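**Student:**
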DNA sequence: ATTTAAGCGAGACGGTACGTCTGGTCTTTAT
DNA sequence: ATAAAGACCAGACGTACCGTCTCGCTTAAAT
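Protein chains in written order, with my numbering: chain A, 1 to 201; chain B, 202 to 402; chain C, 403 to 603; chain D, 604 to 804.
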């Protein structure tokens, strides 16, 4: 799928057209910016890219994976990890910017990927590995620093910490049963850090 | 769509066939027990129910809403709300049983509904109102009791509390990036109640 | 089919509604005046007549027969048979007026009946007996007078004579491969009377 | 539709599958041999041909035109034009063989085409041009020779002559109000040549 | 006056063909 | 060998019409 190393650059016949790959991803990206994933057809991508459908299927097993490549794994990773000296503040800021991202067009696409993934385990795994994993690895840094600084008690798995903070956001995002703004973001981080219990803090 | 009040049970023409409706929902249910939502076709439902496709489209705008009715709003509400005297324990138990439910066949279907909802806002709203809302209303009881007993500090919105507890579960369920078992359930509730901070407890 | 003798006009239950029958035929007639037979649906007739579809099917076996009744058997018979003293002139005039009729809206309907009849022998027979038979019986008068007067040689079957005169018209009407006007009508009758042969006339 | 000139047989992509087209026409032909046109469905043709319905609709706008192609324009033209030296005899023989043809299975189909044509002017024109025109052109030869030989008086349009001979046949064929056999055929040609008038012949 | 046998409007129903659409594969010719 | 063009298969989609049916009401003859 696209990421072929091609170290021996001289094969027998016509070389793979880098132009074609680029055109496909560009076309897919442009279409996905306007339409939801399920309304973007392979034919439309091929036509807009000036490329044969067969060429698409030659390099990608299906439309969803084209979309995955089109979005670019970079997109989430680009959210830089802050370091204010407070894990709580860092997480709050990350949560806010993540919410903002998921409300943008490319963010909406990620939700659609998640939806598609419910019917395609393989695709879900790819989505997870390409988009979420790197992002979560970055976010773990905040957690690690928090533990080192003594802000966060050890004994709680970092992965779980991330889910506690970003899970509620994702839930609201997907179900849409409640608001999702900076106030909510702050409230989420507050509870996760301070707990629900009454207590001396 | 099924929920026709019909308090005046005497309309002029032929009555809507209860048998047909039941057969449709039964057929849909049986198919959905074996196949994922996206592989269940309207034709298959009609054929299995011994019913005309036109009859289905007369009463439901599309397949997804048939499935919604087929599952039955009851399914989630059936999880009884415990009352152990401890909100923390009640939530932990609920979280565990909810996880178990979502791992069952009907639970998987709910995830597919959520997926479909990402491309159909109207359907998402229906799903929310019919399945999640009643369940969440029940769960709020646990929260309310917790506040009254002094276990949970006031000032945190009940809805948010539910998302803090069930959001992480949903996230793992949909993304599948980590395990989801009783241990995780307990850990989630622990953190939400005690917080991540080091503190005197 | 409508023409029930009903000599014992006292049956047990509610009497057949003359109003309903009239409304059905009127509605069908109005629709057939605007639309081709194949685009007039039973539902449309029922709705326009303010009548239940079941009432239609109670008295007519299908839509085509309703149309047959709606048109009224009278329509063709209304073309009066002239008596100029010359069978040739009488036939010529009849041919012209028949052509004119078949170009009118009700005439077009007759062609559609003929078309339907190609797939429904029973319907064809009814159409023949109700519309064509009486008309042809009238036209035979012209032939008979011609024979009596000595204009037409005996030994040619009267039915065949009618076909020789009206067959070519019908053919052009249905196939549309050539014009059909008064000139053609005259030419047809001329040849049928004088023959193609060169001869002393 | 089928008659694509394709003199430059080199287009870029995959060529239209001759096998598919042949299979479709073969399947349609076989079905039409057993069933009336109106009972042959597009799905049945597709299935029997082992072809996708989309392929059919790609090349033909509807079922009727498939049937038109399936029958093959050749069918009527295959009736060879005799040359006995007598136009009257030639016409009589042609009329007899045409009657025989229209009583055969493919002939019945032609009548159904004519019926369909009453509701579809475009289809009627195609039917006329593909089936009737060539046949009539051939038959005109008989007329022309008759005129040249002095058997047939000039001044009567050849097209009209054909209608005078074949119109009565068609009329009886479609309406079915009288017999249609060799005796009738002979009688028709007799009258058309000799005329109805008493006269010295 | 009561029964009883229709007739009737409303409209739901099973059946089935239609023509459209999309996903993904395959073939042909050109590079 | 790969690409572009585009034909192909499979099969689901939602719509439409047909003719049947069921329901509750109305009418009028028979009791």
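We put the CB at the ideal spot given by N, CA and C, even for glycine. Small disclaimer: the values here were computed from a predicted structure and weren't measured.
(1) If distances are taken between C-alpha atoms only, which option among 166(A), 141(A), 25(A) comes closest to residue 85(A)?
(2) So, under 8 Å CB-CB, residue 173(A) and residue 192(A) are touching, yes? Tell me the CB distance rounded to an integer number of Å.
(3) Can you tell me which of 638(D), 637(D), 657(D), 736(D) puts its alpha carbon nearest to the alpha carbon of residue 624(D)?
(4) Nearest to residue 118(A) by CA position, among 327(B), 334(B), 303(B), 329(B), is which residue?
(5) To the nearest angstrom, report how far apart residue 382(B) and residue 308(B) are at their CA atoms.
(6) Terminal residues of the continuous alpha helix (DSSP H) containing residue 64(A)?
(7) Just to make sure I have the definition right: I need the residues of chain D whose C-beta is within less than 8 Å of the C-beta of residue 552(C). Which are they?
(8) Are there 16 or more other CB atoms within 10 angstroms of the CB of residue 526(C), so buried, or fewer, so exposed?
(9) Which one or two residues does DSSP pair with residue 554(C) in a beta bridge?
(10) When you compare each of 425(C), 569(C), 558(C) to residue 763(D) by their alpha carbons, which one comes out closest?
(11) Note the first and the last residue of the continuous alpha helix (DSSP H) segment covering residue 99(A).
(12) Can you list, in chain order, the residues of the region 752-781 of chain D whose Cβ is nearer than 8 Å to any Cβ on chain C?
(13) With residue 373(B) as the anchor, note down where its alpha helix (DSSP H) starts and where it stops.
(14) Looking only at its own chain, which residues have a Cβ that is under 7 Å from the Cβ of residue 271(B), when we skip the five neighbours before and after it?
(15) State the CB to CB distance for the pair residue 667(D) and residue 751(D), rounded to an integer number of angstroms; the pair is presumed to be in contact (CB under 8 Å).
(16) Determine, using beta carbons only, whether residue 191(A) comes closer than 8 Å to chain B.
(17) Would you mind sorting residue 323(B) into buried or exposed? The rule is 16 or more other CB atoms within 10 Å of its CB.
(18) Please confirm whether residue 54(A) has its beta-carbon closer than 8 Å to some beta-carbon of chain B.
(19) Does the distance from the CB of residue 560(C) to the CB of residue 537(C) come in under 8 Å?
(20) Note down the Cα distance separating residue 485(C) from residue 685(D), rounded to an integer number of angstroms.
(21) Give the single residue among 580(C), 554(C), 462(C) whose Cα lies nearest to the Cα of residue 489(C).
(22) Using a C-beta to C-beta distance shorter than 8 Å, which residues of chain A count as neighbours of residue 313(B)?
(23) Excluding the 5 residues preceding and the 5 following residue 56(A) in the sequence, name in chain order all residues of the same chain whose CB lies nearer than 7 Å to its CB.
(24) I'd like to know whether the C-beta of residue 707(D) is nearer than 8 Å to at least one C-beta of chain C.
(25) How about residue 218(B): is its C-beta nearer than 8 Å to some C-beta of chain A?
(26) Identify the continuous alpha helix (DSSP H) that holds residue 522(C) and give its terminal residues.
(27) What residue from 511(C), 419(C), 496(C), 470(C) has the CA that sits closest to residue 460(C)'s CA?
(28) Which of helix, strand or coil does DSSP assign to residue 783(D)?
(29) So residue 698(D) and residue 792(D) are supposed to be a Cβ contact under 8 Å. How far apart are they, rounded?
(30) Which chain D residues are close to residue 438(C), counting only those with a beta carbon under 8 Å from its beta carbon?
(31) Do residue 717(D) and residue 442(C) have their beta-carbon atoms positioned less than 8 Å apart in this structure?
(32) Return helix, strand or coil for residue 481(C), following the three-state DSSP convention.
(33) Between the beta-carbon of residue 49(A) and the beta-carbon of residue 185(A), is there less than 8 Å?
**Tutor:** In short, the structure shows the following:
(1) For the purposes of this step, residue 85(A) is identified with residue 85 of the first chain, where counting begins at 1. Nearest option by C-alpha distance: 141(A).
(2) The count along the first chain starts at 1 and reaches residue 173(A) at position 173. The count along the first chain starts at 1 and reaches residue 192(A) at position 192. About 17 Å; that fails the 8 Å criterion.
(3) What you label residue 624(D) is simply residue 21 of the fourth chain in a count that begins at 1. Closest option to residue 624(D), Cα to Cα, is 657(D).
(4) As a working mapping, residue 118(A) is identified with position 118 in the first chain. Considering only alpha carbons, the answer is 303(B).
(5) In the second chain, the residue the question calls residue 382(B) occupies position 181. In the second chain, the residue the question calls residue 308(B) occupies position 107. C-alpha separation (whole angstroms): 15 Å.
(6) Position 64 of the first chain, counted from the start, is the residue given in the question as residue 64(A). Residues 63-71.
(7) Mapped onto the third chain, residue 552(C) falls at position 150. Those within 8 Å of residue 552(C) in chain D are 801.
(8) Stepping through the third chain from its first residue, residue 526(C) is reached at position 124. Residue 526(C) is buried by the Cβ-count criterion.
(9) Locating residue 554(C) in the third chain gives position 152, where the first residue counts as 1. DSSP, once it has assigned bridges, lists 800(D) as partnering residue 554(C).
(10) Here residue 763(D) refers to the residue found at position 160 of the fourth chain. Per the Cα distances, 569(C).
(11) The residue given as residue 99(A) occupies position 99 in the first chain. Where residue 99(A) is concerned, the enclosing alpha helix (DSSP H) stretches over 87-103.
(12) 753, 754, 755, 756, 759, 760, 762, 763, 764, 766, 767, 769, 770, 771, 772, 773, 774, 775, 777, 778, 779, 780, 781
(13) Taking the second chain and counting its residues from 1, one reaches residue 373(B) at position 172. Element bounds for residue 373(B): 359-376.
(14) Walking along the second chain from the start, residue 271(B) turns up at place 70. So the list reads 226, 229, 230, 233, once near-sequence residues are dropped.
(15) Walking along the fourth chain from the start, residue 667(D) turns up at place 64. Walking along the fourth chain from the start, residue 751(D) turns up at place 148. 40 Å between Cβ atoms; not a contact.
(16) Here the question's residue 191(A) lines up with position 191 in the first chain. So yes, residue 191(A) belongs to the interface.
(17) Looking up residue 323(B) in the second chain gives position 122. With fewer than 16 Cβ atoms within 10 Å of its Cβ, residue 323(B) is classed as exposed.
(18) For this step, residue 54(A) is matched to residue 54 along the first chain. Output row for residue 54(A): interface = no.
(19) On the third chain, position 158 is the one that residue 560(C) refers to. On the third chain, position 135 is the one that residue 537(C) refers to. Cβ distance not < 8 Å, so residue 560(C) and residue 537(C) don't count as in contact.
(20) Residue mapping note: residue 485(C) aligns to position 83 of the third chain, counting from 1. Residue mapping note: residue 685(D) aligns to position 82 of the fourth chain, counting from 1. When rounded, the distance between both Cα atoms is 43 Å.
(21) What you label residue 489(C) is simply residue 87 of the third chain in a count that begins at 1. Ranking the options by Cα distance to residue 489(C), first place goes to 554(C).
(22) For the purposes of this step, residue 313(B) is taken as residue 112 along the second chain, with counting starting at 1. Near residue 313(B) (Cβ distances below 8 Å), the residues of chain A are 118, 119.
(23) Here residue 56(A) is taken as the residue at index 56 of the first chain, counted from 1. Taken in chain order, the residues that qualify are 24, 42, 45, 46, 66.
(24) Numbered from its first residue, the fourth chain carries residue 707(D) at position 104. Cβ-Cβ to chain C under 8 Å: no for residue 707(D).
(25) For the purposes of this step, residue 218(B) is taken as residue 17 along the second chain, with counting starting at 1. Residue 218(B) does not count as touching chain A.
(26) If you number the third chain from 1, residue 522(C) lands on position 120. It is not in any alpha helix (DSSP H) - residue 522(C) carries neither H nor E in the DSSP assignment.
(27) What you label residue 460(C) is simply residue 58 of the third chain in a count that begins at 1. It is 419(C).
(28) By one-based count along the fourth chain, residue 783(D) stands at place 180. Coil.
(29) In the fourth chain, the residue the question calls residue 698(D) occupies position 95. In the fourth chain, the residue the question calls residue 792(D) occupies position 189. At roughly 6 Å, the Cβ-Cβ gap stays under 8 Å, so residue 698(D) and residue 792(D) are in contact.
(30) On the third chain, residue 438(C) is found 36 positions in, with the first residue counted as 1. Those are 722, listed as they occur along chain D.
(31) Position 40 of the third chain holds residue 442(C). Position 114 of the fourth chain holds residue 717(D). Cβ distance not < 8 Å, so residue 442(C) and residue 717(D) don't count as in contact.
(32) Walking along the third chain from the start, residue 481(C) turns up at place 79. Note: residue 481(C) maps to coil in three-state DSSP.
(33) Position 49 of the first chain holds residue 49(A). Position 185 of the first chain holds residue 185(A). Not in contact: residue 49(A) and residue 185(A) (Cβ atoms no closer than 8 Å).
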